[in-house]
Amino acid sequence: MSGLLINYNAAATNAINNLDSTNTSLTQTVGELSSGLQIQTAADNPSGYVIGQFLQQEANGYTQSISNTQDAVSLL
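Each residue of the sequence shown is one higher than the last, beginning at 1223 in the numbering used here.
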């Protein structure tokens, strides 16, 4: 009768889990560094993300207002 032998290496499993966690953190950090943004997604800082989006919309509105004013001046 041939026996089935199953080995379980708890230390190796723990090391793989730690490596995966470290890799995830490294990926996020490299993404932040390469983009130059402190907040990339809403998951990073939900309230900061919403505030940033609001300010970006305000800035876009002001840019459009300036463009419209320049167009009006050029018509005169």
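By construction, the Cβ of each residue, glycine as well, lies at the ideal position given by its N, Cα and C atoms.
Could you please give the first and the last residue of the uninterrupted alpha helix (DSSP H) stretch that includes residue i?
| i | result |
| --- | --- |
| residue 1251 | 1232 to 1257 |
| residue 1274 | 1268 to 1297 |
Which class does residue i belong to by DSSP, given the choice of helix, strand or coil?
| i | result |
| --- | --- |
| residue 1263 | coil |
Under the assumption that residue i contacts residue j (Cβ atoms under 8 Å), give the Cβ distance between them as a whole number of angstroms.
| i | j | result |
| --- | --- | --- |
| residue 1262 | residue 1253 | 6 Å |
Considering only residues of the same chain and omitting the five flanking positions on each side of residue i, which have a CB-CB separation below 8 Å?
| i | result |
| --- | --- |
| residue 1241 | none |
So, for residue i: in the same chain, excluding its five sequence neighbours on each side, which residues have a beta-carbon less than 7 Å away from its beta-carbon?
| i | result |
| --- | --- |
| residue 1266 | none |
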